[in-house]
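Oh and the sequence shown: position 236 is 1049 in this note's numbering, straight run, nothing missing. In what follows, a structure is listed as structure tokens, so that the remarks can point back to it.
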Amino acid sequence: MDHFNPGFSSWLNAPAHQQWLADEGLRLLAFAKASRLPEGFGNLDERGQLQAGAQAETMNTARMTHSFAMAHIQGLPGFAELVDHGIAALRGPLRDALHGGWFAVAEHRDGNTGKNAYLHAFVALAASSAVVAQRPGAQALLDDAIDIIDTWFWSEEEGAMREFFNRDWREEEAYRGANSNMHATEAFLALADVTEDPRWLVRAQRIVERVIHGHAAANDYLVIEHFDRNWQPLREYNHDNPADGFRPYGTTPGHGFEWARLLLHLEAARVQAGMLTPGWLATDAQKLFEQNCRHGWDVDGAPGIVYTLDWNNKAVVRHRLHWTHAEASAAASALLKRTGDAQYETWYRLFWEFCETHFIDRCDGSWYHELDPQNRPSADIWAGKPDLYHAWQAVLIPRLPLAPSMASALAHLSRSVPV
């Protein structure tokens, strides 16, 4: 971790806490290995088993490839072949060999042949991490992902990502989403490091300027998720399906925390690259964190962060999702390193205490992915335990600098540790 010397005792400097994070990461990785399928990686159930008929999915395959690549970069044996398997799947059955881009499911067996920006951002992230891990085929996968993003998804006019196309790219959805642009921002930070091309940092800032410094700032720093093609907010989007796993109604506090962290990574990356860096990146990150703590945490009589809020900042879907709390913890650690403000230490400890008490499953492994409003394990939105990415990054981020991006930061550490 970069130099962090606050005027108080911090868990970020505590060797026992650093060891706890490392041990939890190893436990998460061991659980996730079982997700391997012949054509990629699939969804694990609550006991870490693949169900009959499980299918390889691009989202899980990309996230697992990214996560396993970071494990390999750290020097953990047993993950190189898993990274290679993910690369082969993303270059093979998950890819559309006819029109380019990636399906949601191998060979589009779910009947969906469309091309989603969200998934393509994760493919780019996975490829960039695999390149850092120096795995065969990774550079070709990265070149392919960049070409698809440049050709179809990136809109220079809008300074953001287009959302969704049909298989042959002739039809485009009249929708713009904050979620896909958030993960594009994450991917662009990694691409900037791997390609040494500053245009990715320019693009990342343009996304942030629109989605956060523009729309979210005008909404008291609660992130507006859904827009029409002209970037006008769609406030009633999915009103009748408020618990959608990817496009829920209202605002999503977990994304507020995730954006807060990404703004700090972007600020640090631009400073590191010697680029002009606006002061509002850090200010907006702090306001995002503050507002989503205020309206998302402990708002309905029980601790935890609710999934969604309405436009009056009242809880709509009161379930607690594991990824939300992983992102809240990661954002608190990033703000603590950036500001040295003790309030973020308080939040950081609080979030980890909650995760240890309620989410971390010491019996069957990994984390419960969802809790009901009374903080009991449930499966109304997300069944099983398919996600390694969020919890794994939550135990890595407190141990890394804000820049470069995670895989590159791990590689730098592996080169600088004395032997």
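Quick reminder that beta carbons are idealized off the backbone N, C-alpha and C, glycines included. None of these values were measured; they are calculated from a predicted model.
Practice task
Could you spell out the range, first to last residue, of the alpha helix (DSSP H) harbouring Tyr1161?
Solution key: It spans Ala1155 to Phe1167 - the alpha helix (DSSP H) in which Tyr1161 sits, taken as one unbroken run.
Practice task
Can you grab the Cα-Cα spacing for the pair Thr1121 / Leu1035, in whole Å?
Solution key: Straight-line Cα distance between these residues: approximately 11 Å.
Problem - Sequence-distant residues of the same chain with beta carbon closer than 7 Å to Val1112, five excluded per side - result: For Val1112, where only same-chain residues beyond five positions count, the Cβ hits under 7 Å are Val1119 and Ala1128.
Problem - Contact between the region 1015-1035 and the region 947-960 (3+ Cβ pairs under 8 Å) - result: In the pairwise beta carbon analysis, the region 1015-1035 is classified as not touching the region 947-960: fewer than three pairs are separated by under 8 Å.
Problem - Start-to-end residues for the alpha helix (DSSP H) that takes in Tyr1202 - result: Run containing Tyr1202: Tyr1202 to Leu1209, per the alpha helix (DSSP H) assignment.
Practice task
Report yes if the CB atom of His879 is closer than 9 Å to the CB atom of Phe935, and no otherwise.
Solution key: Their beta carbons are under 9 Å apart, which means His879 touches Phe935 by this criterion.
Handout entry: Assigned exposure category for Asn979 - 16 Cβ within 10 Å defines buried
Key = Within 10 angstroms of the beta-carbon of Asn979 lie fewer than 16 other beta-carbons, which makes it exposed.
Handout entry: Closest by C-alpha distance to Gly1063, when choosing among His1052, Met995 and Gly1069
Key = Selected option, being the one with the closest Cα: His1052.
Handout entry: Straight-line gap, Val1130 to Pro1066 (C-alpha atoms, nearest Å)
Key = Cα to Cα, the separation comes out at about 11 Å.
Practice task
Classify His1039 as helix, strand or coil using the three-state DSSP reduction.
Solution key: The answer is strand: DSSP assigns His1039 an E or B state.
Handout entry: Spatial neighbours of Val1232 in its chain, beta-carbon cut-off 7 Å, leaving aside the 5 residues before and after
Key = With a pLDDT of only 47 at Val1232, under 50, the local geometry of the prediction cannot be trusted, and no value is derived from it.
Handout entry: For Pro1011, the three-state DSSP class (helix, strand or coil)
Key = In the structure shown, the three-state DSSP call for Pro1011 is coil.
Exercise for the section: Work out the CA separation of His1225 and Trp1013 for me, nearest whole Å. Expected result: C-alpha separation (whole angstroms): 20 Å.
Handout entry: Given Glu1049 as reference, the closest of Phe1070, Asn1125 and Glu1080 once Cα atoms are compared
Key = Minimum Cα distance to Glu1049 is reached at Asn1125.
Handout entry: Whole-number beta carbon distance between His1039 and Gly990, since they are thought to touch under 8 Å
Key = Contact flag correct, Cβ pair sits at about 6 Å.
Problem - Straight-line Cα distance separating Gln1085 from Gln864 - result: Each residue's Cα considered, the two are about 45 Å apart.
Exercise for the section: Measure the Cβ-Cβ separation of Thr874 and Gly913 and say whether it is below 9 Å. Expected result: Result no, Cβ atoms of Thr874 and Gly913 do not sit closer than 9 Å.
Exercise for the section: Would you check if the region 1187-1202 and the region 841-850 touch, i.e. whether three or more CB-CB distances between them fall below 8 Å? Expected result: Touching, per the Cβ criterion.
Exercise for the section: Give the single residue among Pro1055, Ala1082, Asp1097 and Glu976 whose Cα lies nearest to the Cα of Trp1044. Expected result: Trp1044 has its Cα closest to that of Glu976, out of Pro1055, Ala1082, Asp1097 and Glu976.
Practice task
Measure from the alpha carbon of Met995 to the alpha carbon of each residue in Ile900, Leu1075 and Thr1090, then state which is nearest.
Solution key: Closest by alpha carbon: Leu1075.
Practice task
Pick out the complete alpha helix (DSSP H) segments inside the region 1074-1113, 4 residues or longer, and give them in chain order.
Solution key: Whole alpha helix (DSSP H) segments, 4+ residues: 1093-1109.
Practice task
State the beta-bridge partners of Asn979 as determined by DSSP.
Solution key: DSSP lists no partner for Asn979.
Handout entry: Buried/exposed call for Glu852, threshold 16 Cβ in 10 Å
Key = Here Glu852 is buried. Its C-beta has 16 or more other C-beta atoms within 10 Å.
Exercise for the section: Consult DSSP for Trp1180 and reduce its assignment to one of helix, strand or coil. Expected result: If DSSP states are grouped into helix, strand and coil, Trp1180 belongs with the strands.
Exercise for the section: Write down the C-beta distance between Trp824 and His830 rounded to the nearest angstrom, noting that I regard them as a contact closer than 8 Å. Expected result: Right, their Cβ atoms sit about 4 Å apart.
Practice task
Decide if Leu1213 is buried, meaning its Cβ has at least 16 other Cβ atoms within 10 Å, or exposed.
Solution key: Classification of Leu1213: buried, given that the 10 Å Cβ count is 16 or more.
Exercise for the section: Look up Ile959 in the DSSP assignment and give the residues it is bridged to. Expected result: Residue pairing by DSSP leaves Ile959 without any beta bridge partner.
Practice task
Have a look at Thr1170, Ile1173, Ile1210 and Gly1027 and flag the residue whose alpha-carbon is nearest the alpha-carbon of Leu1101.
Solution key: If we check each option's Cα against that of Leu1101, Gly1027 comes out closest.
Exercise for the section: With DSSP collapsed to three states, give me the class of Ala1220. Expected result: In the structure shown, Ala1220 sits in a helix (DSSP, three-state: H, G or I).
Handout entry: chain B contact for Val936 (CB, 9 Å cutoff)
Key = The chain labelled as chain B is not found in the depicted structure, where only one protein chain is given.
Practice task
Give every residue of the same chain whose Cβ lies closer than 6 Å to the Cβ of Pro828, excluding the five residues on either side of it in the sequence, and list them in chain order.
Solution key: Counting only Cβ-Cβ distances below 6 Å, and skipping sequence neighbours, we find nothing.
Practice task
Give me the Cβ distance between Leu1184 and His1108, rounded to the nearest whole Å; I'm assuming they're in contact under 8 Å.
Solution key: Their Cβ separation, rounded to whole angstroms, is 19 Å, which puts Leu1184 and His1108 out of contact at 8 Å.
Handout entry: Cβ neighbours of Met814 in the same chain (closer than 8 Å, five flanking residues each side left out)
Key = A caution first: Met814 carries a pLDDT of 44, below 50, which makes its placement in the model unreliable, though a value can still be read off. Listed in chain order, the non-local C-beta contacts of Met814 below 8 Å within the same chain comprise Leu825, Lys1150, Pro1211, Arg1212, Leu1213 and Pro1214, local neighbours out to five positions each way being set aside.
Practice task
Please report the Cβ distance between Gln1187 and Leu1148, rounded to the nearest whole angstrom; I am assuming they are in contact, meaning their Cβ atoms lie under 8 Å.
Solution key: Distance from Gln1187 to Leu1148 at the Cβ level is roughly 30 Å; contact not present, criterion being Cβ atoms closer than 8 Å.
Practice task
Confirm, please, whether the CB-CB distance from Gly899 to Phe916 is below 9 Å.
Solution key: Pairing Phe916 with Gly899 gives a Cβ-Cβ distance that is not under 9 Å.
Practice task
Might you give, ordered along the chain, the residues of its own chain that have their beta carbon closer than 6 Å to the beta carbon of Ala997, omitting 5 neighbours on each side?
Solution key: Here the set comprises Ala934 and Met974.
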